[in-house]
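Note that the working numbering has the sequence shown beginning at 35, numbered continuously upward. C-beta atoms are modelled at their ideal positions from N, C-alpha and C, and glycine is treated no differently. Report on the structure given below.
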Amino acid sequence: MIATAGRLFVGVIIGAGTAVAEIAFLGWAALVTLVRPRPATTIEPLARHLVEVERRRIARYLPGGPAAPHLDDYTSRRALAYLGVRWIVGLLGGVVALLFLYGLATGVVWARDLLVGRSGALLVIAQVVGGLVLFFLAVQGFLGVAALDRRLAQRMLVPGDRVRYERRISELAASRAGVVAAVDAERRRIERDLHDGVQQRLVALGLLLGQARRRPDRSAELVRQAHGEAREILDALRDVAWRAYPADLDTLGLAEALSRVAERSGVSITCAVDRLPQAVETAAYFVVSEAVTNATKHAPGSRVTVNVVTTDQEVRVTVTDDGPGGADPSGGGLSGLARRAAALDGRLTVDSPPGGPTTILAVLPCG
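Written as C-alpha coordinates, this is what we have:
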(Lines of atoms letter the chains of each structure in order from A and count residues from 1; the text may use other names and numbers.)
(Lines give C-alpha, C1' and ligand atoms only; values in the text may rest on other atoms or scores of the structure.)
Protein backbone atom coordinates (compact mmCIF):
# COMPACT_ATOMS: atom_id res chain seq x y z
CA MET A 1 0.00 0.00 0.00
CA ILE A 2 2.77 2.42 0.95
CA ALA A 3 4.79 1.45 -2.13
CA THR A 4 1.75 2.02 -4.35
CA ALA A 5 1.10 5.43 -2.80
CA GLY A 6 4.76 6.33 -3.24
CA ARG A 7 4.71 5.31 -6.92
CA LEU A 8 1.57 7.36 -7.47
CA PHE A 9 3.12 10.42 -5.83
CA VAL A 10 6.29 10.10 -7.93
CA GLY A 11 4.21 9.57 -11.07
CA VAL A 12 2.21 12.76 -10.49
CA ILE A 13 5.38 14.75 -9.76
CA ILE A 14 7.05 13.48 -12.93
CA GLY A 15 3.85 14.25 -14.82
CA ALA A 16 4.05 17.86 -13.64
CA GLY A 17 7.61 18.06 -14.96
CA THR A 18 6.67 16.58 -18.33
CA ALA A 19 3.78 19.05 -18.52
CA VAL A 20 6.32 21.90 -18.47
CA ALA A 21 8.27 20.16 -21.26
CA GLU A 22 5.04 19.72 -23.23
CA ILE A 23 4.16 23.41 -22.90
CA ALA A 24 7.60 24.31 -24.20
CA PHE A 25 7.21 21.83 -27.05
CA LEU A 26 3.78 23.13 -28.05
CA GLY A 27 5.06 26.70 -28.05
CA TRP A 28 8.05 25.70 -30.17
CA ALA A 29 5.78 23.72 -32.53
CA ALA A 30 3.48 26.72 -32.99
CA LEU A 31 6.48 28.93 -33.77
CA VAL A 32 7.89 26.42 -36.26
CA THR A 33 4.49 26.10 -37.94
CA LEU A 34 4.38 29.85 -38.52
CA VAL A 35 7.83 29.76 -40.14
CA ARG A 36 7.43 26.50 -42.08
CA PRO A 37 3.93 25.55 -43.29
CA ARG A 38 4.66 21.80 -43.27
CA PRO A 39 6.92 20.98 -40.34
CA ALA A 40 5.52 17.45 -39.82
CA THR A 41 8.86 15.77 -40.33
CA THR A 42 10.25 17.83 -37.44
CA ILE A 43 7.31 18.07 -35.04
CA GLU A 44 5.63 14.67 -35.27
CA PRO A 45 8.61 12.49 -34.26
CA LEU A 46 9.18 14.69 -31.18
CA ALA A 47 5.48 14.56 -30.33
CA ARG A 48 5.49 10.77 -30.49
CA HIS A 49 8.62 10.69 -28.35
CA LEU A 50 6.96 12.82 -25.66
CA VAL A 51 3.85 10.65 -25.77
CA GLU A 52 6.03 7.56 -25.40
CA VAL A 53 7.56 9.11 -22.28
CA GLU A 54 4.06 9.65 -20.91
CA ARG A 55 3.08 6.09 -21.82
CA ARG A 56 5.99 4.65 -19.86
CA ARG A 57 5.30 6.95 -16.90
CA ILE A 58 1.66 5.89 -16.74
CA ALA A 59 2.49 2.20 -17.06
CA ARG A 60 5.14 2.33 -14.31
CA TYR A 61 3.86 4.82 -11.74
CA LEU A 62 0.07 4.99 -12.05
CA PRO A 63 -1.27 1.52 -11.22
CA GLY A 64 -4.80 0.39 -11.83
CA GLY A 65 -7.19 1.11 -14.66
CA PRO A 66 -6.88 0.03 -18.30
CA ALA A 67 -3.56 -0.83 -19.88
CA ALA A 68 -1.43 2.05 -21.09
CA PRO A 69 -1.43 2.62 -24.86
CA HIS A 70 1.35 1.26 -27.02
CA LEU A 71 3.44 3.30 -29.43
CA ASP A 72 1.76 1.71 -32.45
CA ASP A 73 -1.77 2.39 -31.21
CA TYR A 74 -1.97 6.07 -32.13
CA THR A 75 -1.15 8.35 -35.05
CA SER A 76 1.10 11.39 -34.95
CA ARG A 77 -1.95 13.66 -35.17
CA ARG A 78 -3.51 11.98 -32.15
CA ALA A 79 -0.22 12.38 -30.30
CA LEU A 80 -0.23 16.14 -30.95
CA ALA A 81 -3.87 16.42 -29.84
CA TYR A 82 -3.10 14.48 -26.67
CA LEU A 83 -0.18 16.74 -25.77
CA GLY A 84 -2.37 19.77 -26.41
CA VAL A 85 -4.65 18.67 -23.56
CA ARG A 86 -2.40 16.62 -21.33
CA TRP A 87 -0.31 19.54 -20.04
CA ILE A 88 -3.37 20.85 -18.17
CA VAL A 89 -3.61 17.60 -16.21
CA GLY A 90 0.12 17.72 -15.51
CA LEU A 91 -0.02 21.25 -14.14
CA LEU A 92 -3.04 20.32 -12.02
CA GLY A 93 -0.99 17.49 -10.53
CA GLY A 94 1.83 19.94 -9.86
CA VAL A 95 -0.54 22.26 -7.98
CA VAL A 96 -1.81 19.35 -5.86
CA ALA A 97 1.77 18.29 -5.11
CA LEU A 98 2.72 21.85 -4.07
CA LEU A 99 -0.30 22.09 -1.77
CA PHE A 100 0.62 18.74 -0.24
CA LEU A 101 4.22 19.81 0.37
CA TYR A 102 3.00 23.13 1.80
CA GLY A 103 0.68 21.32 4.17
CA LEU A 104 3.48 18.96 5.18
CA ALA A 105 5.80 21.87 5.94
CA THR A 106 3.06 23.62 7.89
CA GLY A 107 2.48 20.44 9.90
CA VAL A 108 6.16 20.31 10.79
CA VAL A 109 5.98 23.91 12.06
CA TRP A 110 2.87 23.11 14.12
CA ALA A 111 4.55 20.08 15.62
CA ARG A 112 7.57 22.17 16.58
CA ASP A 113 5.37 24.81 18.22
CA LEU A 114 3.56 22.10 20.12
CA LEU A 115 6.81 20.58 21.39
CA VAL A 116 8.20 23.93 22.61
CA GLY A 117 4.90 24.89 24.19
CA ARG A 118 4.02 27.84 21.97
CA SER A 119 0.53 26.53 21.10
CA GLY A 120 -2.43 26.09 23.37
CA ALA A 121 -4.55 22.95 23.51
CA LEU A 122 -7.45 24.53 21.61
CA LEU A 123 -5.19 25.72 18.82
CA VAL A 124 -3.49 22.31 18.61
CA ILE A 125 -6.86 20.56 18.19
CA ALA A 126 -7.88 23.02 15.45
CA GLN A 127 -4.56 22.54 13.71
CA VAL A 128 -4.80 18.73 13.84
CA VAL A 129 -8.34 18.74 12.46
CA GLY A 130 -7.42 21.18 9.70
CA GLY A 131 -4.31 19.17 8.85
CA LEU A 132 -6.28 15.91 8.56
CA VAL A 133 -8.81 17.58 6.27
CA LEU A 134 -6.07 19.00 4.05
CA PHE A 135 -4.30 15.63 3.99
CA PHE A 136 -7.51 13.91 2.90
CA LEU A 137 -8.06 16.49 0.17
CA ALA A 138 -4.46 16.13 -1.02
CA VAL A 139 -4.78 12.33 -1.23
CA GLN A 140 -8.03 12.63 -3.16
CA GLY A 141 -6.35 15.17 -5.43
CA PHE A 142 -3.51 12.76 -6.21
CA LEU A 143 -5.94 9.92 -6.91
CA GLY A 144 -8.09 12.16 -9.09
CA VAL A 145 -5.14 13.45 -11.13
CA ALA A 146 -3.83 9.89 -11.62
CA ALA A 147 -7.24 8.66 -12.75
CA LEU A 148 -7.67 11.63 -15.07
CA ASP A 149 -4.20 11.07 -16.51
CA ARG A 150 -4.96 7.46 -17.31
CA ARG A 151 -8.43 8.19 -18.64
CA LEU A 152 -7.11 10.88 -20.95
CA ALA A 153 -4.48 8.54 -22.38
CA GLN A 154 -7.07 5.80 -22.77
CA ARG A 155 -9.51 8.11 -24.52
CA MET A 156 -7.12 9.84 -26.91
CA LEU A 157 -4.43 7.24 -27.60
CA VAL A 158 -5.90 3.76 -27.31
CA PRO A 159 -7.78 2.73 -30.48
CA GLY A 160 -11.47 1.95 -30.32
CA ASP A 161 -13.09 -1.46 -30.67
CA ARG A 162 -13.55 -1.11 -34.43
CA VAL A 163 -9.88 -0.28 -35.00
CA ARG A 164 -8.81 -3.20 -32.82
CA TYR A 165 -11.14 -5.56 -34.66
CA GLU A 166 -9.85 -4.39 -38.02
CA ARG A 167 -6.26 -4.82 -36.84
CA ARG A 168 -7.05 -8.29 -35.52
CA ILE A 169 -8.66 -9.27 -38.82
CA SER A 170 -5.56 -8.08 -40.68
CA GLU A 171 -3.32 -10.07 -38.31
CA LEU A 172 -5.43 -13.21 -38.79
CA ALA A 173 -5.41 -12.78 -42.58
CA ALA A 174 -1.63 -12.38 -42.59
CA SER A 175 -1.26 -15.33 -40.25
CA ARG A 176 -3.44 -17.52 -42.45
CA ALA A 177 -1.47 -16.55 -45.53
CA GLY A 178 1.74 -17.31 -43.66
CA VAL A 179 0.50 -20.74 -42.63
CA VAL A 180 -0.51 -21.55 -46.20
CA ALA A 181 2.94 -20.45 -47.42
CA ALA A 182 4.68 -22.49 -44.72
CA VAL A 183 2.67 -25.61 -45.55
CA ASP A 184 3.39 -25.14 -49.25
CA ALA A 185 7.12 -24.72 -48.57
CA GLU A 186 7.11 -27.86 -46.40
CA ARG A 187 5.33 -29.81 -49.13
CA ARG A 188 7.92 -28.70 -51.70
CA ARG A 189 10.72 -29.70 -49.33
CA ILE A 190 9.24 -33.18 -48.85
CA GLU A 191 8.78 -33.57 -52.62
CA ARG A 192 12.39 -32.50 -53.16
CA ASP A 193 13.69 -34.92 -50.53
CA LEU A 194 11.72 -37.78 -52.05
CA HIS A 195 12.75 -36.91 -55.61
CA ASP A 196 16.43 -36.19 -55.00
CA GLY A 197 17.00 -38.81 -52.31
CA VAL A 198 14.60 -41.72 -52.10
CA GLN A 199 13.69 -41.83 -55.79
CA GLN A 200 17.30 -41.86 -56.92
CA ARG A 201 18.12 -44.64 -54.48
CA LEU A 202 15.13 -46.65 -55.70
CA VAL A 203 16.41 -46.29 -59.27
CA ALA A 204 19.83 -47.53 -58.12
CA LEU A 205 18.16 -50.43 -56.31
CA GLY A 206 16.27 -51.39 -59.48
CA LEU A 207 19.50 -51.33 -61.49
CA LEU A 208 21.23 -53.58 -58.98
CA LEU A 209 18.40 -56.11 -59.03
CA GLY A 210 18.32 -56.00 -62.84
CA GLN A 211 22.04 -56.71 -62.99
CA ALA A 212 21.59 -59.59 -60.52
CA ARG A 213 19.05 -61.20 -62.87
CA ARG A 214 21.31 -60.78 -65.91
CA ARG A 215 24.53 -61.82 -64.15
CA PRO A 216 23.93 -65.07 -62.26
CA ASP A 217 27.66 -65.33 -61.58
CA ARG A 218 27.55 -62.07 -59.55
CA SER A 219 24.05 -62.38 -58.15
CA ALA A 220 25.19 -62.89 -54.54
CA GLU A 221 27.35 -59.75 -54.54
CA LEU A 222 24.70 -57.68 -56.33
CA VAL A 223 21.93 -58.87 -53.99
CA ARG A 224 24.15 -57.93 -51.02
CA GLN A 225 24.58 -54.42 -52.49
CA ALA A 226 20.84 -54.22 -53.16
CA HIS A 227 20.15 -55.18 -49.55
CA GLY A 228 22.41 -52.39 -48.29
CA GLU A 229 20.75 -49.93 -50.66
CA ALA A 230 17.31 -50.98 -49.39
CA ARG A 231 18.39 -50.32 -45.80
CA GLU A 232 19.62 -46.84 -46.77
CA ILE A 233 16.31 -46.18 -48.52
CA LEU A 234 14.42 -47.12 -45.36
CA ASP A 235 16.62 -44.80 -43.30
CA ALA A 236 15.98 -41.97 -45.79
CA LEU A 237 12.23 -42.59 -45.66
CA ARG A 238 12.28 -42.54 -41.85
CA ASP A 239 14.21 -39.28 -41.94
CA VAL A 240 11.68 -37.69 -44.32
CA ALA A 241 8.77 -38.93 -42.20
CA TRP A 242 10.44 -37.70 -38.99
CA ARG A 243 11.00 -34.24 -40.41
CA ALA A 244 7.41 -34.10 -41.69
CA TYR A 245 5.94 -35.04 -38.30
CA PRO A 246 7.55 -37.06 -35.50
CA ALA A 247 5.28 -39.81 -34.21
CA ASP A 248 6.78 -39.45 -30.71
CA LEU A 249 4.91 -36.17 -30.28
CA ASP A 250 1.59 -38.00 -30.20
CA THR A 251 2.68 -40.89 -28.01
CA LEU A 252 5.43 -39.59 -25.71
CA GLY A 253 5.19 -35.80 -25.83
CA LEU A 254 7.50 -32.89 -26.56
CA ALA A 255 10.28 -33.79 -24.12
CA GLU A 256 10.82 -37.24 -25.63
CA ALA A 257 10.66 -35.95 -29.21
CA LEU A 258 13.28 -33.31 -28.42
CA SER A 259 15.48 -35.91 -26.76
CA ARG A 260 15.55 -37.73 -30.11
CA VAL A 261 16.64 -34.48 -31.77
CA ALA A 262 19.41 -34.18 -29.19
CA GLU A 263 20.57 -37.75 -29.88
CA ARG A 264 20.65 -37.24 -33.64
CA SER A 265 22.32 -33.81 -33.61
CA GLY A 266 24.52 -34.03 -30.50
CA VAL A 267 23.24 -30.81 -28.93
CA SER A 268 22.30 -30.07 -25.33
CA ILE A 269 18.54 -29.79 -24.84
CA THR A 270 16.83 -28.94 -21.55
CA CYS A 271 13.09 -29.55 -21.63
CA ALA A 272 11.17 -29.73 -18.36
CA VAL A 273 7.56 -29.42 -19.49
CA ASP A 274 4.42 -31.47 -19.08
CA ARG A 275 2.12 -32.38 -21.92
CA LEU A 276 0.93 -29.31 -23.82
CA PRO A 277 -1.74 -28.73 -26.47
CA GLN A 278 -0.84 -30.60 -29.63
CA ALA A 279 -0.49 -27.47 -31.78
CA VAL A 280 1.89 -25.90 -29.24
CA GLU A 281 4.01 -29.04 -28.97
CA THR A 282 4.23 -29.29 -32.75
CA ALA A 283 5.28 -25.65 -33.15
CA ALA A 284 7.86 -25.91 -30.34
CA TYR A 285 9.29 -29.07 -31.83
CA PHE A 286 9.72 -27.60 -35.30
CA VAL A 287 11.26 -24.43 -33.88
CA VAL A 288 13.90 -26.51 -32.11
CA SER A 289 14.43 -28.91 -35.02
CA GLU A 290 14.80 -26.18 -37.65
CA ALA A 291 16.97 -23.97 -35.46
CA VAL A 292 19.29 -26.86 -34.61
CA THR A 293 19.48 -27.85 -38.28
CA ASN A 294 20.38 -24.29 -39.27
CA ALA A 295 23.03 -24.07 -36.55
CA THR A 296 24.72 -27.34 -37.52
CA LYS A 297 24.53 -26.39 -41.20
CA HIS A 298 25.77 -22.78 -41.06
CA ALA A 299 27.93 -23.00 -37.94
CA PRO A 300 29.44 -26.52 -37.89
CA GLY A 301 31.32 -27.27 -34.73
CA SER A 302 29.50 -24.63 -32.71
CA ARG A 303 27.99 -25.41 -29.32
CA VAL A 304 24.19 -25.41 -29.46
CA THR A 305 21.98 -25.29 -26.36
CA VAL A 306 18.21 -25.54 -26.26
CA ASN A 307 16.02 -24.59 -23.33
CA VAL A 308 12.25 -25.10 -23.18
CA VAL A 309 10.38 -23.75 -20.16
CA THR A 310 6.78 -22.93 -19.33
CA THR A 311 5.54 -19.83 -17.53
CA ASP A 312 2.02 -18.95 -16.43
CA GLN A 313 0.41 -18.86 -19.85
CA GLU A 314 3.17 -19.52 -22.40
CA VAL A 315 6.02 -21.74 -23.53
CA ARG A 316 9.42 -20.14 -24.12
CA VAL A 317 11.78 -21.95 -26.48
CA THR A 318 15.36 -20.63 -26.61
CA VAL A 319 17.99 -21.98 -29.02
CA THR A 320 21.50 -20.52 -28.71
CA ASP A 321 24.69 -21.30 -30.61
CA ASP A 322 28.15 -19.74 -30.37
CA GLY A 323 28.67 -19.62 -34.13
CA PRO A 324 29.69 -16.59 -36.22
CA GLY A 325 26.21 -15.01 -36.12
CA GLY A 326 24.66 -13.05 -38.97
CA ALA A 327 21.53 -15.22 -39.25
CA ASP A 328 18.91 -13.67 -41.52
CA PRO A 329 15.40 -13.66 -39.93
CA SER A 330 13.87 -13.26 -43.39
CA GLY A 331 15.47 -16.46 -44.65
CA GLY A 332 13.29 -19.35 -45.70
CA GLY A 333 13.70 -21.48 -42.56
CA LEU A 334 13.45 -18.77 -39.92
CA SER A 335 10.64 -16.90 -41.65
CA GLY A 336 8.71 -20.17 -41.83
CA LEU A 337 9.18 -20.65 -38.09
CA ALA A 338 7.99 -17.08 -37.48
CA ARG A 339 4.85 -17.79 -39.50
CA ARG A 340 4.27 -21.00 -37.57
CA ALA A 341 4.56 -19.13 -34.26
CA ALA A 342 2.31 -16.30 -35.49
CA ALA A 343 -0.38 -18.84 -36.39
CA LEU A 344 -0.68 -19.55 -32.64
CA ASP A 345 -0.60 -15.85 -31.70
CA GLY A 346 3.00 -16.31 -30.64
CA ARG A 347 6.17 -14.57 -31.73
CA LEU A 348 9.67 -15.53 -32.80
CA THR A 349 12.68 -13.23 -32.47
CA VAL A 350 16.20 -13.71 -33.80
CA ASP A 351 19.21 -12.02 -32.20
CA SER A 352 22.29 -12.78 -34.30
CA PRO A 353 24.88 -9.99 -34.31
CA PRO A 354 28.02 -10.42 -36.45
CA GLY A 355 30.45 -12.55 -34.51
CA GLY A 356 27.69 -14.30 -32.61
CA PRO A 357 26.18 -15.71 -30.60
CA THR A 358 22.84 -16.44 -32.26
CA THR A 359 19.76 -16.67 -30.06
CA ILE A 360 16.35 -17.70 -31.35
CA LEU A 361 13.46 -17.14 -28.95
CA ALA A 362 9.95 -18.43 -29.61
CA VAL A 363 7.12 -17.52 -27.24
CA LEU A 364 4.00 -19.64 -27.73
CA PRO A 365 0.81 -19.07 -25.71
CA CYS A 366 -0.66 -22.23 -24.24
CA GLY A 367 -3.35 -20.88 -21.93
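- Excluding five sequence positions before and after R235, the CB atoms of its chain that fall closer than 8 Å to its own CB belong to E263, E266, I267 and A270, given in chain order.
- Contact check between the region 74-93 and the region 164-172: fewer than three CB pairs, one atom from each, fall below 8 Å, which does not count as touching.
- Take the alpha-carbon of R222 and the one of T327: they are about 18 Å apart.
- Rounded to whole angstroms, C400 and L171 show a C-alpha spacing of 46 Å.
- For A396, the three-state secondary structure derived from DSSP is strand.
- Boundaries of the beta strand (DSSP E) harbouring R350: E348 to D355, taken from the DSSP string.
- The beta carbon of S323 sits closer than 6 Å to those of V295, all from its chain and outside the five residues before and after it, given in chain order.
- If you draw a 10 Å sphere on the C-beta of V349, you find 16 or more other C-beta atoms in it, and that means buried.
- DSSP, reduced to helix, strand and coil, places D379 outside both helices and strands of the structure shown, so it counts as coil.
- Judged by DSSP secondary structure, T109 falls outside any alpha helix (DSSP H); it is assigned neither H nor E.
- P391 is not a Cβ neighbour of D362, given a cutoff of 8 Å.
- Contact between G128 and A53 holds: their C-beta atoms lie close to 7 Å from each other, under 8 Å.
- The beta-bridge partner set that DSSP reports for D385 consists of T393.
- Here the alpha carbons of L60 and L114 stand approximately 9 Å from one another.
- Sorting R298, A246, V130 and D230 by C-alpha distance to the C-alpha of Q174 places V130 at the top.
- Check the Cα spacing between T352 and each of P358, G359, N341 and G360: the tightest is with N341.
- Contact check for L292 and T316: beta-carbon distance about 12 Å, past the 8 Å limit, so the pair fails to qualify.
- When secondary structure is reduced to three states using DSSP, V179 falls in the helix class.
- Residue burial is scored here from C-beta neighbours: I394 has at least 16 other C-beta atoms within 10 angstroms and is therefore classed as buried.
- Between the alpha carbons of L191 and R184 lies a gap of roughly 10 Å.
- Of the candidates V66, V87, L126 and L382, L126 places its Cα closest to the Cα of V46.
- In its own chain, leaving out the 5 sequence neighbours on each side, no residue places its CB closer than 6 Å to the CB of V69.
- Closest by C-alpha distance to A396, out of A375, D385, P388 and P387, is A375.
- The alpha-carbon separation between S110 and V85 amounts to approximately 10 Å.
- Look at V192 here: in three-state DSSP terms it is coil, with no helix or strand label.
- Taking all protein chains in view, the Cβ of T354 is crowded by 16 or more other Cβ atoms within 10 Å, so the residue is classified as buried.
- Sequence-distant Cβ neighbours of L182 in its own chain, meaning closer than 7 Å and more than five residues away, are V123.
- Following the DSSP letters along the chain, one finds A50 inside the alpha helix (DSSP H) bounded by residues I36 to V69.
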